[in-house]
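Quick notes on the structure that follows.
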Amino acid sequence: MIESDWGDWLVRDVEDADPDGVAVWYLGCNGFVLKGSDGTTIYIDPYLGLGDPPRTVRMIPVPFDPEDVAEADAVLATHEHTDHVHGPTQAPILESTGATFYAPDDSLTVAREEEAWEDEWDLEADQFAEVSEGDTADIGEFTVHIEVANDPDATHPVSYVFEHDAGTFFHGGDTKPTDEFERIGETYDIDLGVLAFGTVGQIPDKQTREPKRTRWYNDENQLVEAASALQLERVLPSHWDMWRGLTADPKALHHHANSFTSPQRLELVEIGDRVDL
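Heads up: the sequence shown runs through residues 5 to 281, numbered per the numbering used here.
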């Protein structure tokens with residue numbers, strides 16, 4: 005049972021919002037909510053778990069109880085890791101709203117077989133939709149393009165490009181730079197892009213629990229390299245706040261991005277903050 009540190013004010017803020025274009029809320033870790041002017045609401049990689057202490061220790065509040073979510077059209081996962089596919093976080097949202105869970109094959113395997121969401125929560129088979137690179141999904145007022153991602157730690161990661169009349173939003177999951185980003189940058193006019201950012205730390209190995217040098221996310225140079233290839237107007241660093249030993253200071257990115265044409269602007273947010281396209 006997930007208990008929020010913040011009560012329900014954040015999900016009520018999302019539900020009460022009436023954006024002119026697209027509003028984007030940061031949920032901490034790599035989680036986001038998009039809400040369009042017609043009310044379409046999409047959750048991307050929401051994670052409300054505490055990690056696996058003392059290996060992975062959550063450093064930020066749990067911002068809402070998933071059972072308090074009353075409005076959602078879709079929940080999207082970028083890859084199969086537990087902070088991106090997590091039954092106690094995501095299945096209650098699907099159950100209470102009837103939303104569809106969009107995810108690549110290995111993420112669906114975690115949800116439907118390893119965690120068996122349908123056994124524990126009242127969900128229908130048609131609430132699960134498999135996506136792969138090159139696919140397009142229409143979710144309310146958004147057209148969602150499924151694109152490549154480069155996450156060596158995942159078995160099948162994807163990224164998402166959300167097109168809306170108000171602008172275009174990119175969510176890379178935990179991707180690092182890839183040659184494919186130049187193509188994506190040429191194909192889409194991306195107004196705001198999310199890229200995972202963090203330091204290298206000593207994290208206990210999952211099996212042996214021995215400390216191991218760990219780089220899960222982009223460093224400063226990798227993040228700017230990816231943002232530049234994607235031709236982002238604004239880049240929003242994520243994930244830097246989440247795990248003990250891997251946290252980072254996103255303000256440092258100003259120095260690394262200064263001489264590049266893209267990104268034109270850094271969008272620095274904390275958990276619970278809202279930005280708009």
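Yeah, the Cβ is synthetic: ideal placement off N, Cα and C, and Gly gets one too. Everything numeric in this text was worked out from a predicted model, so none of it was measured.
- Relative to the Cα of V204, the nearest Cα in the group I194, L281, G249 and R238 belongs to G249.
- Annotated as proximal: F68 and S8, with beta-carbon spacing under 7 Å.
- Here the alpha carbons of A107 and D56 stand approximately 23 Å from one another.
- A residue is called buried when at least 16 other Cβ atoms come within 10 angstroms of its Cβ; P50 meets this threshold and is buried.
- Judged by DSSP secondary structure, V18 falls within the alpha helix (DSSP H) whose first and last residues are W13 to D20.
- Judged by DSSP in its simplified three-state form, K255 adopts helix.
- Non-local beta-carbon contacts of H260 in its own chain, meaning distances under 8 Å to residues more than five positions away in sequence, involve E224, N225, L227 and V228 in chain order.
- Excluding residues up to 5 positions away in sequence, T44, T45, I46, A103, I143 and G144 lie with their Cβ nearer than 7 Å to the Cβ of D77 in the same chain.
- Here the alpha carbons of Y164 and D17 stand approximately 24 Å from one another.
- Look at the beta carbons and you see the segment 180-199 not touching the segment 88-103: under three pairs across the two are nearer than 8 Å.
- Approximately 7 Å separates the beta-carbon atoms of D280 and V28; this is inside 8 Å, confirming the contact.
- Judged by DSSP secondary structure, E122 falls outside any beta strand (DSSP E) and instead within the alpha helix (DSSP H) spanning W121 to E124.
- A residue is called buried once 16 or more other Cβ atoms fall within 10 Å of its Cβ, and H149 is buried on that count.
- Remark: C-beta atoms of K255 and N222 do not approach each other more closely than 7 Å.
- By the neighbour-count criterion, in which 16 or more other beta carbons inside 10 Å mark a residue as buried, K216 falls on the exposed side.
- Counting along the chain, D280 sits inside the beta strand (DSSP E) bounded by residues R278 to D280.
- Segment contact: the segment 113-127 against the segment 83-91, three or more CB-CB distances shorter than 8 Å; contact assigned.
- Residue environment: L240 is assigned as buried (16 or more neighbouring CB atoms within 10 Å of its CB, all protein chains considered).
- The bridge partners DSSP lists for F36 are Y30 and I48.
- Note on geometry: alpha-carbon atoms of D253 and F173 lie some 23 Å from one another.
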